[in-house]
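Asks: With the numbering used here as the guide, the letters of the sequence shown map in order to residues 3 to 465.
Using N, Cα and C, we set each Cβ at its ideal position, and we do this for glycine too.
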Amino acid sequence: TIQTLGCRVKQLKATFASLDAENLTLSESIESMKELVADISAQSLLTEEDIFKHTVLDNMTLEQMTNVNLLSRELGKLEQSHQAMLDQQGTEFVLRDRFEEMRGLLFQKEELKEQRQEEILELHQENPALKQLNEILQSSDGLGFDQILENAQSAMKTVGNINKSQLVELYDDEDPAKEKEAEVALAYIDYLDELLRDGSFRPAAVHAANSPNGFLRTMATIEEFKTLSQGEGGVSPLFVYCSILMETVPLYSVPPCDQSYECVVAALKENRMDLIAQWIANHHLTLCSEIADVLLSNCQCRARCDCESGTLALAVFRNIKDHDMSIHCLARQGALYRAVHYAKTHQMDSDKLLRLLKDIPSTDLAALLVLEESINIGEVLSCLQENHNDNIFISLLKVLDESNDLKAVLLSDTSPDVVQWSEFVDLCVDLGEQDIAEELQGYIMCADALFKAVDSLSSGGTD
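1. Using the Cα positions of Gly106 and Leu218, report the straight-line distance between them to the nearest angstrom.
2. How about Ile329 and Ala341: do their beta carbons lie closer than 8 Å?
3. Just to confirm, are Gln387 and Leu442 a CB contact at a threshold of 8 Å?
4. Check whether the Cβ atoms of Leu373 and Asp403 sit closer than 8 Å, and answer yes or no.
5. With respect to the alpha helix (DSSP H) encompassing Tyr263, which residues constitute its N-terminal and C-terminal limits?
6. Kindly indicate which three-state DSSP category Cys290 falls into: helix, strand or coil?
7. Just the C-alpha distance for Lys111 and Thr288, rounded to the nearest angstrom, thanks.
8. Going straight from the alpha carbon of His286 to that of Ala269, what length do you get?
9. What does the alpha-carbon distance come out to for the pair Ala449 and Leu370?
10. Ala368 and Leu358: beta carbons closer than 8 Å?
11. What do you reckon, are the CB atoms on Ala333 and Ile293 nearer than 8 Å?
12. Taking the C-alpha atoms as reference points, what is the distance between Ser2 and Asp353?
13. Give a yes or no on whether the C-beta atoms belonging to Leu253 and Pro239 are separated by under 8 Å.
14. The alpha helix (DSSP H) with Asp200 in it runs from where to where?
15. Between which residues of its own chain and Val365 is the CB-CB distance below 7 Å, once the five residues before and five after are set aside?
16. Please identify the residue among Leu383, Thr250, Ser245, Val186 whose C-alpha is closest to the C-alpha of Lys271.
17. Leaving out the 5 sequence neighbours to the left and right, which residues in its chain are closer than 7 Å to Leu412 when beta-carbon positions are compared?
18. Rounded to the nearest angstrom, what separates Leu277 and Met350 at their Cα positions?
19. Just reading off the alpha helix (DSSP H) that Lys400 is part of, what are its end residues?
20. Please report the straight-line C-alpha distance between Glu375 and Gln422, rounded to a whole angstrom.
21. Looking only at its own chain, which residues have a Cβ that is under 7 Å from the Cβ of Leu197, when we skip the five neighbours before and after it?
22. Quick check: the Cα distance between Gly382 and Lys228, rounded to an integer number of angstroms?
23. Under the three-state reduction of DSSP, which class applies to Gly380: helix, strand or coil?
24. Run through DSSP, which three-state label would Phe217 get?
Right under this line is the structure:
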């Protein structure tokens, strides 16, 4: 029991010491505020003559005052200092809904604090031992530990033991640092709301992006800037915020995928491909398929893609290891050999290459698949026929015929039986390519004869 009382005494003493320290801190803060108010009051009493004495021109000669370059440099320095002061002022103070939410939480904490203080008072009145123990601890300065323990034990014996956890819980007051943090956050939100109401979008964007611990660098802030109309010069407030958000990434963290996507979309609407390229190169974005898709959809190239949007889309697809779309982008750029090599490197089968031919049909790609990748010409022709690429169908056969490769690829063809060679012949006849049709027909006849001979030999061998 004595050891338990000793522990309780130490805990209560530590609690009172913490309260004394907080009171001392508050006193020092009050004194600092008084000094700050006094300084501000003194500054407000300065006369125009006093202010003029502190200007840059006061220490300049007549020659310096008439030097335009020198004055321009001084003006630039003053503007930088002024902007730095504005930014510093802006970072002292989130959105209206967050403001109301956090203010409500602060009020709840205040109510809880008052409720707990009332519980302590009621417990003092109901439990004379606790009241006496509290008075003993408050007046224990200068007493030895043994004397404090003896007095506490005497008070405890009058009524009985007090639940230790209940006592600690009652004296464990709210953390003042957290309350101060909540107050700062509320003030920060309030100031941001004021900037937005005044139409000061750039200061508001700087203010939000530089919030303490980045607590305003959220999707909710982006949604708030989305609702704002365009400011001066027709620039979107959302783009202003997104650009500043990206600039401050080294000071905080890379925004998640949803915020990164919104930043890319905002930059695309302003046609700022240079910024998107810079963000990707500096790893300021969380890359995802949504970003790659919106970049690819922004490409307006009708034939071969040579725009920056397509190039950036390829970079994102390769970064997120979307191999199918990577070879798709390479093929759109006309880099067919690179596309096929990429497919080989990542062990992509012939079905994906045929799907690429379906999406981006071209004679060069079809010939490359037949000659370099050894894909059966029957499968390639079927793919082109099914997608009604008749011109490429005939063009491929002509290219192979002119290069004397048609017979070789036909004889080496091992396409499945589903390939309708007779339909290929009919299509060539319909398109006026009689020579190609005859060559295909000859192949069909030779292939049928060969298959029958093989079957006959197999049957004879069996007999």
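Replies: Based on what the coordinates show:
1. Distance between the alpha carbons of Gly106 and Leu218 is about 18 Å.
2. With contacts defined as CB atoms closer than 8 Å, Ile329 and Ala341 qualify as a contacting pair.
3. For the 8 Å CB-CB criterion, Gln387 and Leu442 do not form a contact.
4. It is not a contact, given that the beta carbons lie outside the stated cut-off.
5. First-last of the alpha helix (DSSP H) with Tyr263: 259-271.
6. Of the three classes helix, strand and coil, the one that applies to Cys290 here is coil, per DSSP.
7. Answer to the nearest angstrom: the Cα atoms are 37 Å apart.
8. Taken atom to atom, the span from the alpha-carbon of His286 to that of Ala269 is near 14 Å.
9. Between Ala449 and Leu370, the alpha-carbon positions lie close to 24 Å from each other.
10. Not closer than 8 Å, so no.
11. No. Outside cutoff.
12. Past the edges of the chain, shown from 3 to 465, lies residue 2, and the structure says nothing about it.
13. It is not a contact, given that the beta carbons lie outside the stated cut-off.
14. Element bounds for Asp200: n/a, residue is neither H nor E.
15. It is Thr, not Val, that sits at residue 365 in the sequence shown. Excluding the 5 residues flanking it on each side, Thr365 has same chain C-beta neighbours closer than 7 Å at Ile394, Ser397, Leu398, Val401, in chain order.
16. The candidate whose alpha carbon is nearest that of Lys271 is Ser245.
17. Leaving aside the five residues that flank Leu412 on each side, the residues in its chain whose CB is nearer than 7 Å to its CB run, in chain order, Ile379, Tyr445.
18. Distance between the alpha carbons of Leu277 and Met350: 34 Å.
19. Start and end: 392-404.
20. Roughly 22 Å separates the two Cα atoms.
21. Pro205, Ala206, His209.
22. Reading off the sequence shown, one finds Val at residue 382, where the question assumed Gly. Val382 and Lys228 have their C-alpha atoms some 48 Å from each other.
23. Note: Gly380 maps to helix in three-state DSSP.
24. DSSP places Phe217 in coil when its eight states are reduced to three.
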